[in-house]
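According to the numbering used here, the stretch in the sequence shown is residues 20 to 200, in order. Yeah, the Cβ is synthetic: ideal placement off N, Cα and C, and Gly gets one too.
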Amino acid sequence: MLKLLTATMGAIALAVPAAAQDMSAFTTGPVLEQYGPVAPVESDMPIPEGAEFKVAFDVAAGAETGKLNRTLESAARFINMHARAGVPLEKINGAVVVHGKASEDLLGEQEYAKRRDGSENVNIALIGALTGKGVRVILCGQSAAAYGITNDLLAPGVEMALSAMTAHALLQQNGYTVNPF
Numbered sequence: 020m021l022k023l024l025t026a027t028m029g030a031i032a033l034a035v036p037a038a039a040q041d042m043s044a045f046t047t048g049p050v051l052e053q054y055g056p057v058a059p060v061e062s063d064m065p066i067p068e069g070a071e072f073k074v075a076f077d078v079a080a081g082a083e084t085g086k087l088n089r090t091l092e093s094a095a096r097f098i099n100m101h102a103r104a105g106v107p108l109e110k111i112n113g114a115v116v117v118h119g120k121a122s123e124d125l126l127g128e129q130e131y132a133k134r135r136d137g138s139e140n141v142n143i144a145l146i147g148a149l150t151g152k153g154v155r156v157i158l159c160g161q162s163a164a165a166y167g168i169t170n171d172l173l174a175p176g177v178e179m180a181l182s183a184m185t186a187h188a189l190l191q192q193n194g195y196t197v198n199p200f
């Protein structure tokens, strides 16, 4: 009887959905008005005056067709949250290094539509917003070769590197840290 009761309680626990996230406090801006929602936080870790950020994001996971790439959006969030926290925009430097399946998220409009049954690449506008604020969006040339992507097929503003490893090494030599998120 105890085994049956334990099994029943376990099944009920699995059937009850986890608490839903409350995203009502998240808003975009002040730098990227359409991207990168963040919430206000009472932080116990103040950002020192004069702090400068040089952050590289590594992206390998591609987005679902018609969806924003999560890591590209994270770069926008990073900029918005630090600008809100009082860091001057000229002290927030970002780069996004893309490889693997995420390479296709950097395709221009026509090539993306060709490869994705006519779908629109919503990442193009986000790429433009990021590069417009000085963020470098860099594609791994080795992944590009594997996916049949040449420079002329890329969305405006995307740079091609020899490899993602090369891009990260050069960025690190210029003081960038790799963001693990």
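Over the uninterrupted alpha helix (DSSP H) stretch that includes residue 97, give me the two end residues.
Its alpha helix (DSSP H) spans residues 89-103.
Please work out which residues of its chain come closer than 7 Å, Cβ to Cβ, to residue 57, disregarding the five sequence neighbours upstream and downstream, and give them in chain order.
Closer than 7 Å at the Cβ level, and outside the excluded window around residue 57, lie 45, 96, 99, 100 and 103.
Between residue 196 and the rest of its own chain, which residues show a CB-CB distance below 8 Å, the 5 nearest in sequence each way excluded?
So the list reads 73, 74 and 75, once near-sequence residues are dropped.
Which term fits residue 77, buried or exposed, when burial requires 16 or more other beta carbons within 10 angstroms of its beta carbon?
Under this definition residue 77 is a buried residue.
With DSSP run on the structure shown, which of helix, strand or coil describes residue 167?
Note: residue 167 maps to coil in three-state DSSP.
Please classify residue 196: does DSSP put it in a helix, a strand, or coil?
DSSP places residue 196 in strand when its eight states are reduced to three.
Between the Cα of residue 128 and the Cα atoms of 199, 174, 170 and 119, which residue gives the shortest distance?
Per the Cα distances, 174.
What are the residues that DSSP puts in a beta bridge with residue 155?
114.
Judging by CA-CA distance, which residue of 171, 115 and 85 is the nearest neighbour of residue 156?
The candidate whose alpha carbon is nearest that of residue 156 is 115.
Which value, in whole angstroms, describes the spacing of the CA atoms of residue 169 and residue 131?
Taking the straight line joining both Cα atoms gives about 13 Å.
Please state the DSSP three-state secondary structure of residue 83.
Residue state, collapsed to three classes: coil.
Can you tell me where the beta strand (DSSP E) holding residue 120 begins and where it ends?
Note, residue 120: premise wrong, no beta strand (DSSP E); not H, not E.
Which residue from 40, 82 and 160 puts its Cα closest to that of residue 186?
When only C-alpha atoms are compared, the closest one is 160.
Who are the Cβ neighbours of residue 162 in its own chain at under 6 Å, not counting the five residues just before and after it?
Same-chain partners within the cutoff: 118, 119 and 122.
Rounded to a whole number of angstroms, what is the C-alpha to C-alpha distance between residue 64 and residue 70?
About 13 Å.
Within the same chain, show all residues whose beta-carbon is closer than 8 Å to that of residue 141, passing over the 5 residues directly before and after it, in chain order.
Correct list, in chain order: 85, 86 and 87.
Hey, how far is the Cα of residue 49 from the Cα of residue 89?
Taking the straight line from one Cα to the other gives about 19 Å.
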